[in-house]
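Undergrad: After the C-alpha cells below, expect a handful of questions from me.
Residue numbers (the numbering used here): 374 to 461.
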C-alpha cells in the first residue's frame, strides 16, 4: 500500500489506500463522509463520521505538494470530498 510521489515511495495506511482508491476511481464524484466511511471502513463502523476528516488530512499530507491548497483531494463545502481538479 504505497505510491510514488516525485520519484519517492510514500507508504499509506490501509484506510488511506482504500480512501484514495475509491476516490481516484470516481474522479469528480462528490462523496459524503458517510459514503466514504461505508466504502472504506465498512457498514459496521461504529465511530464518528468526522474520522474520515482525519484520514483525508493525513492523506493530503502524503500526496499533496501543498496540503492547505490541495490539487487532488478537494473539499466540497456542505457536501463532502472529491478527487479531481475541477471545482464543484
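Cβ coordinates follow ideal geometry from the N, Cα and C atoms, glycine included.
Here the structure is a predicted model, which is why all the values come from computation and not from measurement.
1) Would you tell me roughly how many angstroms separate the C-alpha atoms of residue 410 and residue 387, rounded to the nearest one?
2) Taking only the alpha-carbon atoms, compute the straight-line gap between residue 428 and residue 402 and give it to the nearest angstrom.
3) Kindly identify the DSSP beta-bridge partner or partners of residue 375.
4) For the alpha helix (DSSP H) containing residue 407, name the first residue and the last one.
5) Grab me the residues of residue 389's own chain with a C-beta within less than 8 Å of its C-beta, minus the 5 sequence neighbours each way, in chain order.
6) Buried or exposed for residue 454, going by 16 or more other Cβ atoms inside 10 Å?
7) Once you ignore the five residues that flank residue 423 on each side, which residues in its own chain have a CB closer than 6 Å to its CB?
8) Can you have a look at residue 421 and say buried or exposed, based on whether 16 or more other CB atoms are within 10 angstroms of its CB?
TA: In this structure, then:
1) Taking the straight line from one Cα to the other gives about 13 Å.
2) In this structure, the alpha-carbon of residue 428 lies about 18 Å from that of residue 402.
3) In the DSSP assignment, residue 375 is bridged to 384.
4) Unbroken alpha helix (DSSP H) run through residue 407: 406 to 414.
5) Annotation for residue 389: 374, 428, 431, 432 and 435 place their beta carbon closer than 8 Å to its own, counting only its chain and skipping 5 residues before and after.
6) Sixteen is the threshold: when 16 or more other Cβ atoms of the shown chains lie within 10 Å of the Cβ of residue 454, as they do, the residue is buried.
7) The beta carbon of residue 423 is closer than 6 Å to none in its chain, skipping five residues each way along the sequence.
8) By the Cβ neighbour-count rule, residue 421 is exposed, with fewer than 16 other Cβ atoms within 10 Å of its own.
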